[in-house]
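Q: Okay, handing you the structure first.
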Amino acid sequence: MYNAWLNDPKSVHASWDSYFRHEAHASPPKHHIPLSRVTRAVQPNAVATPSVPIEAEKIDDDYLAVLAVIRAYQIRGHHIAKLDPLGIVSPERDERMLPELIKVHHSFDDESMERKFKLPATTFIGGKEISLTLGEILKRLEFVYCNHIGVEYMFINSLEQCNWIRQRLEPPGVQTMDATKKRLILARLTRAHGFEEFLAKKYSSEKRFGLEGCEILIPAMKEIIDKSSEMGVETFVMGMPHRGRLNVLANVCRKPLEQIFTQFASLEAADEGSGDVKYHLGTYIERLNRVTNKNVKLAVVANPSHLETVSPIAQGKTRAEQFYRGDVEGKKVMSILLHGDAAFCGQGVVFETFHLSELPEYTTHGTIHIVVNNQIGFTTDPRYSRSSTYCTDVGRVVNAPIFHVNSDDPEAVINVSRIAAEWRNTFHKDVIIDIVSYRRNGHNEADEPMFTQPLMYKKIRATKPVLFKFSEKLISEGIATKEEVQAVRDKYEKICENSYNNAQKITRIKYGDWLDSPWSGFFEGRDPMKMLPTGVKEEILVHIGEKFSTPPPSSAEFVLHKGIERILKQRMQMLEKRTVDWAMGEAMAFGSLLKDGIHVRLSGQDVERGTFSHRHHVLHHQDVDKVTYKPLSNLYPDQAPYSVCNSSLSEYGVLGFELGFSITNPNALVCWEGQFGDFNNTAQPIIDQCIASGQSKWVRQAGIVLLQPHGLEGMGPEHSSARLERFLQMSSDDPEYIHPENADFVMRQLYDINWIVANCTTPANYFHILRRQIALPFRKPLVLMTPKSLLRHPEAKSSLDEMTENSKFLRVIPERGPASKSPNSVKKLLFCTGKVYYDISQAIKKKQLESSIALTRVEQITPFPYDLVKAECAKYPKAKISWCQEEHKNQGAWSYVQPRFVTALNKSRDVTYAGRATSPSPATGSKIQFTKEFNQLVEDATRI
584 MYNAWLNDPK SVHASWDSYF RHEAHASPPK HHIPLSRVTR AVQPNAVATP SVPIEAEKID
644 DDYLAVLAVI RAYQIRGHHI AKLDPLGIVS PERDERMLPE LIKVHHSFDD ESMERKFKLP
704 ATTFIGGKEI SLTLGEILKR LEFVYCNHIG VEYMFINSLE QCNWIRQRLE PPGVQTMDAT
764 KKRLILARLT RAHGFEEFLA KKYSSEKRFG LEGCEILIPA MKEIIDKSSE MGVETFVMGM
824 PHRGRLNVLA NVCRKPLEQI FTQFASLEAA DEGSGDVKYH LGTYIERLNR VTNKNVKLAV
884 VANPSHLETV SPIAQGKTRA EQFYRGDVEG KKVMSILLHG DAAFCGQGVV FETFHLSELP
944 EYTTHGTIHI VVNNQIGFTT DPRYSRSSTY CTDVGRVVNA PIFHVNSDDP EAVINVSRIA
1004 AEWRNTFHKD VIIDIVSYRR NGHNEADEPM FTQPLMYKKI RATKPVLFKF SEKLISEGIA
1064 TKEEVQAVRD KYEKICENSY NNAQKITRIK YGDWLDSPWS GFFEGRDPMK MLPTGVKEEI
1124 LVHIGEKFST PPPSSAEFVL HKGIERILKQ RMQMLEKRTV DWAMGEAMAF GSLLKDGIHV
1184 RLSGQDVERG TFSHRHHVLH HQDVDKVTYK PLSNLYPDQA PYSVCNSSLS EYGVLGFELG
1244 FSITNPNALV CWEGQFGDFN NTAQPIIDQC IASGQSKWVR QAGIVLLQPH GLEGMGPEHS
1304 SARLERFLQM SSDDPEYIHP ENADFVMRQL YDINWIVANC TTPANYFHIL RRQIALPFRK
1364 PLVLMTPKSL LRHPEAKSSL DEMTENSKFL RVIPERGPAS KSPNSVKKLL FCTGKVYYDI
1424 SQAIKKKQLE SSIALTRVEQ ITPFPYDLVK AECAKYPKAK ISWCQEEHKN QGAWSYVQPR
1484 FVTALNKSRD VTYAGRATSP SPATGSKIQF TKEFNQLVED ATRI
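Here this note's numbering is used: the first residue of the sequence shown is 584, the next is one more, and so on.
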């Protein structure tokens, strides 16, 4: 039957015809060929199957060999594609693949080359022809897979997706381009080249991290935007490193050139912030796309020097833009991420970001990644910077097709860019474009690359810029004349010159012009010194508490875990007593914001249940998979949406994502929770370079909340400390300066600080500080040291009275016991923060020292509550003052608060330390040692 089908497909039933066509990559019936045979020539001494005539066997074997040839090119043709514009032996290519691909030809003689073979359904090289000679098959395969485009896609486990790519690469003529398109590429390439040329002329001694060697990036990005805009995308969020950034801003976003040129002028800032170097700044532009005649919004997200840090931030911003527009399929908003080759394979956050790409609460429905592959990282060539064949291999983990393309073939680059845009629009999955190029200068314009890559740079010096090559090609094709080419160059140089002259008239830089996420209308009409109340009517709190404590409405059908039933009953009993624990206080904060139309998003590892099994914001049906109930999503019919989402086991990537989400909309509470406080260690680049300093560098406010489970409880070094000292050390307040104490003291402190760091001890204070994030007339990051053992501590509860109207966040909770009634007889005033309060309080009671020791909690550590600390110290004039903490002396808050106590008290009274000695480790791993340290701590703190 198979032989008959080979001769005439219509001679067999349609079902068999379909079978043979779609199984062409495998063996025909009764002829199982081992996999190894598919990758080599048909063996001349192969033994024929007795039941099949020798001639039929030969026909079958020849046909299978042709299939093997086609498949070999599809799988491995990229290894021998002409991708390197320098033409040097590139580490990107495996020269051994060339003979392996050719070997399959050797079983065919010259006569076979003229013989026609029926084409299988897994290739489209024939176009409308169903059979071709072997010679023509090879010729077409070479052109498609071994020319200036090398594509990796055969690892994708979807026949539909593989065929989709083949249809856009293989048919004859599919990659041809008309004259109009070529002239458009020339114009865009001219602008990209001209911009770098102009900057080099005007600012020859300045670093700019130019795009020379990969100028084709600009036309490629514009092609993606054009095609995506045509298909309905309205907003593009871009993340990129420093290389080529100014060119992207100028020629992709069309940011006014005057604003770019003033960045070279070292002018004073007209607004707040210390600013950043010009090639780190972001922007937001709305403009008309002249190709599609549609308005588009373009955002380039500001980034620090640490490569790839911006990638998850841009993804989070993209997701937020989609979320607030109701763009559930990503048809209106998309992201484009640019990468360098060394960073793409070297930075682990790239892998973390890829792994968010298809998670339900984190997907952006397909990202186009463009790698500017300079074939070098600073001074290190790929042989010493990666172990994989390609820098793009990380993308294979999510089945993203990878298009390698020679940067000196503009038509090939534009074709690949169009295909990538169509792929993203069709499948809403990630895709990678690897533009294999070179870096004409060193790492920056002042660097000397000949020190370390002499041979490469001799070749580069002798290589014409792509603009000149492409211009000559169009002239030779009769598409453009020399005069037309020169006219285009002259026109753009004149534009640059005019803008340069205008820039000389600008005297101050406005960093507000470089915002990547402008909050339209948010600040208008707001008094920056006035905060909305954070207390809530009791009936609202009770309603939220009841909903939070009640089983799903269809509880007869919804089978709850018995443990959850007990928890819900305990919550209801607590509510009847008008008290709340930590989980209830959090739920009331979230619920009351949701009622007010504020979107709340809680993200992190295992946040739905809570690492310590305290939250349970998602209830699971015990008998039916994927059937869940979210109490906080069912509080009011017109409430804002509540997003609670378990994340991948990532901190760097997920925190970056949530930061990107938070900068998009100021009217949302976005929280990231580390599973334990020490998990922020691996998110440090986001914390240090984006959250702590983002407003100062980029005038970009963010109200993100970092929830950090913190506390020494005998569980060993890790999972004990969130490194409170690091956050405090990065706080921007001056330890020797106190704001004037007037009506605006508290708000002025909050306005001037870079972030807020707190260590709350009561559910009520946790409730208020979360609500305060939205009540403030501006946005500041909030770092919260959240508890572990206090989640169920019998004393760590609050009355509803502490959360209702006229209540507020308490920066300091003063002593309220017997000591406060007779302050003149108090011998010791202890200040502390966080969980240690309950340990010391218990010891004071046990020793019957309630009248002798006053214990005061500092709930907000930064900005430091000078006014309240001064007042508390003045209240106890005869008391010795001491700071007590559970962390070691070189950790925790002591180093931060000590100089601030000195300033607050004007050096009039000494403040001593009570706590553990210094240590390089956050905690001991020995239970005995921990107990010994703890007892000593308590003894020191309560010694009069």
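Ideal Cβ placement from N, Cα and C applies to all residues, glycine included.
In the DSSP assignment, find the beta strand (DSSP E) that holds R873 and state where it starts and stops.
A: Careful: R873 lies outside any beta strand (DSSP E) and carries neither H nor E.
Q: Identify, in the order they occur along the chain, each residue of the same chain with its Cβ nearer than 6 Å to the Cβ of Y1449, setting aside the five sequence neighbours on each side.
A: I1321, A1487
Q: Nearest chain D C-beta to D1013 closer than 9 Å, yes or no?
A: This model lacks chain D altogether; it includes just one protein chain.
Q: Would you identify the three-state DSSP class for D1017, choosing helix, strand or coil?
A: strand
Q: Please name the residue or residues paired with E817 in a DSSP beta bridge.
A: Answer by DSSP bridge pairing: none, since E817 is not bridged.
Q: Which whole-angstrom value describes the C-beta separation of L920 and G827, a residue pair presumed to lie in contact below a C-beta threshold of 8 Å?
A: Not confirmed; about 13 Å, so no contact.
Q: Excluding the 5 residues preceding and the 5 following I1016 in the sequence, name in chain order all residues of the same chain whose CB lies nearer than 6 Å to its CB.
A: I953, F986, V999, A1003
Q: If we ignore side chains and look at the alpha-carbon of each, how far apart do G960 and V911 end up?
A: 38 Å
Q: Mind checking R966: buried by the 16 CB within 10 Å criterion, or exposed?
A: It counts as exposed.
Q: Taking just the CA atoms, how far does F906 sit from F937?
A: 19 Å
Q: Could you tell me if I713 is buried or exposed, where buried requires 16 or more neighbouring beta carbons within 10 angstroms of its beta carbon?
A: exposed
Q: Are there 16 or more other CB atoms within 10 angstroms of the CB of A1586, so buried, or fewer, so exposed?
A: Outside the displayed span of the chain (584 to 1527) sits residue 1586, for which this structure offers no information.
Q: Do you know offhand how far R771's Cα is from R1283's?
A: 31 Å
Q: Quick check: the Cα distance between E1121 and I1127, rounded to an integer number of angstroms?
A: Roughly 10 Å separates the two Cα atoms.
Q: For Y1496, list the residues DSSP reports as bridge partners.
A: W1466
Q: Please list, in chain order, all residues of the same chain as P1268 whose beta carbon is under 6 Å from its beta carbon, the five residues on each side excluded.
A: H889, T892
Q: DSSP three-state call for N590: helix, strand or coil?
A: The answer is helix: DSSP assigns N590 an H, G or I state.
Q: Go ahead and pull the three-state DSSP assignment for I997.
A: In the structure shown, I997 falls within a helical segment according to DSSP collapsed to helix, strand and coil.
Q: Tell me which residues share the same chain as I799 and place their Cβ nearer than 7 Å to its Cβ, disregarding the 5 neighbours each side in the sequence.
A: L772, S990, P993, V996, I1018, V1049
Q: Could you check the C-alpha separation between E795 and L871 for me, to the nearest Å?
A: 27 Å
Q: Does DSSP put H1471 in a helix, a strand or coil?
A: strand
Q: Within 8 Å, do at least three Cβ pairs link the region 1222–1234 to the region 939–954?
A: yes
Q: Using a Cβ-Cβ cutoff of less than 6 Å, which residues in the same chain neighbour G1313 once the five nearest sequence positions on both sides are dropped?
A: The question names Gly, yet the displayed sequence has Met at residue 1313. A1275.
Q: Is DSSP giving S1226 helix, strand or coil here?
A: strand
Q: Compare the Cα-Cα distances from K1411 to each of L1520, A1402, G913 and report the closest residue.
A: Checking every option, the nearest Cα to that of K1411 belongs to A1402.
Q: Is the CB-CB distance between G865 and N886 below 9 Å?
A: yes
Q: If you measure between the beta carbons of M1386 and A1347, is that distance less than 9 Å?
A: yes
Q: So what does L1185 bridge to, in DSSP terms?
A: V1227, C1254
Q: Of the choices V1210, G1146, K784, N1342, whose alpha-carbon is the least far from that of P1446?
A: With distances taken between Cα atoms, P1446 lies closest to N1342.
Q: Since A1524 and A1506 should fall inside the 8 Å C-beta cutoff, what is the C-beta to C-beta distance between them, to a whole number of angstroms?
A: About 18 Å; that fails the 8 Å criterion.
Q: Of the choices A1070, R1001, M1368, whose alpha-carbon is the least far from that of R1309?
A: M1368
Q: Can you grab the Cα-Cα spacing for the pair K1113 / I1336, in whole Å?
A: Straight-line Cα distance between these residues: approximately 16 Å.
Q: Can you find the residues in the same chain that come closer than 8 Å, C-beta to C-beta, to H1203, ignoring five residues on each side of it along the sequence?
A: A distance below 8 Å between beta-carbons, with the five flanking residues on each side excluded, links H1203 to the following residues of its chain, in chain order: H1144, V1210, T1211.
Q: Which partner residues of K701 appear in the DSSP bridge assignment?
A: S714
Q: Using a 10 Å radius around the Cβ and a threshold of 16 neighbouring Cβ atoms, would you call G1286 buried or exposed?
A: Buried is the call here.
Q: Quick check: the Cα distance between I1527 and K1178, rounded to an integer number of angstroms?
A: 50 Å
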